[in-house]
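>
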Amino acid sequence: MTTPTVSAKDRVLLAAIGDEDTITGLLLAGIGNVDNKQKKNFLVVDSKTQVSTIEAAFQDFTERKDIAILLINQHLAEKIRPTVDRYEQAFPALLEIPSKDHPYDPSKDSILKRVQKLFGDT
């Protein structure tokens with residue numbers, strides 16, 4: 000028995016891990032999805048959210064075959080930086096984004112660091 004291959008056309012969703020303001024904006028833009036098993040494609044993180052919950056959502060979203068892009072607030076990616084740095088798959092693509100209270104810092108973006116290393120811009 001062979002396992003079915005997943006093509007890029009099967010990856011139709013964005014997923015997001017972010018603070019309440021970021022997720023609210025993304026949901027208003029239309030990225031929200033709840034499948035027939037009640038699995039959401041987003042995680043709202045607040046001050047009470049455990050780091051293990053963020054890591055579990057990251058693992059879940061990166062293993063799902065219907066997600067094309069995973070957006071994560073950069074300040075939350077910092078909380079799980081070792082996990083983010085180990086992620087090397089092409090799909091879902093991982094993008095670190097700023098939040099209202101935490102501006103984007105290119106020096107902390109692991110994907111940007113890899114691209115700079117690839118082009119010799121380190």
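Read left to right, the sequence shown gives residues 0 to 121 (numbering that gives the first Met the number 0). Note that the Cβ used here is the ideal one computed from N, Cα and C, for glycine as well.
1) Whole angstroms are fine: how far does the CA of A76 sit from the CA of V83?
2) Within a Cβ cutoff of 7 Å, which residues of the same chain sit near M0, ignoring the five residues on either side of it in sequence?
3) Could you tell me which residues DSSP puts in a beta bridge with G17?
4) By a C-beta neighbour count over all protein chains shown, 10 Å radius and 16 as the cutoff for buried, is A14 buried or exposed?
5) Give me whichever residues DSSP pairs with A92 in a beta bridge.
6) Which residues bound the alpha helix (DSSP H) around E87?
7) Taking all protein chains shown into account, decide if N40 is buried (16 or more other Cβ within 10 angstroms of its Cβ) or exposed.
So, from the listed chains and residues:
1) Residue mapping note: residue 83 aligns to position 84 of the sequence shown, counting from 1. Residue mapping note: residue 76 aligns to position 77 of the sequence shown, counting from 1. Those two C-alpha atoms are separated by around 7 Å.
2) Counting from one through the sequence shown, the residue named residue 0 turns up at place 1. Because the pLDDT of M0 is 49, which lies under 50, any placement of that residue in the model is unreliable, and the question is left without a value.
3) Here residue 17 is taken as the residue at index 18 of the sequence shown, counted from 1. In DSSP, G17 forms a bridge with V43.
4) Counting from one through the sequence shown, the residue named residue 14 turns up at place 15. With 16 or more Cβ atoms within 10 Å of its Cβ, A14 is classed as buried.
5) Counting from one through the sequence shown, the residue named residue 92 turns up at place 93. A92 is bridged to I68.
6) On the sequence shown, residue 87 is found 88 positions in, with the first residue counted as 1. It is not in any alpha helix (DSSP H) - E87 carries neither H nor E in the DSSP assignment.
7) Stepping through the sequence shown from its first residue, residue 40 is reached at position 41. Label assigned to N40: buried.
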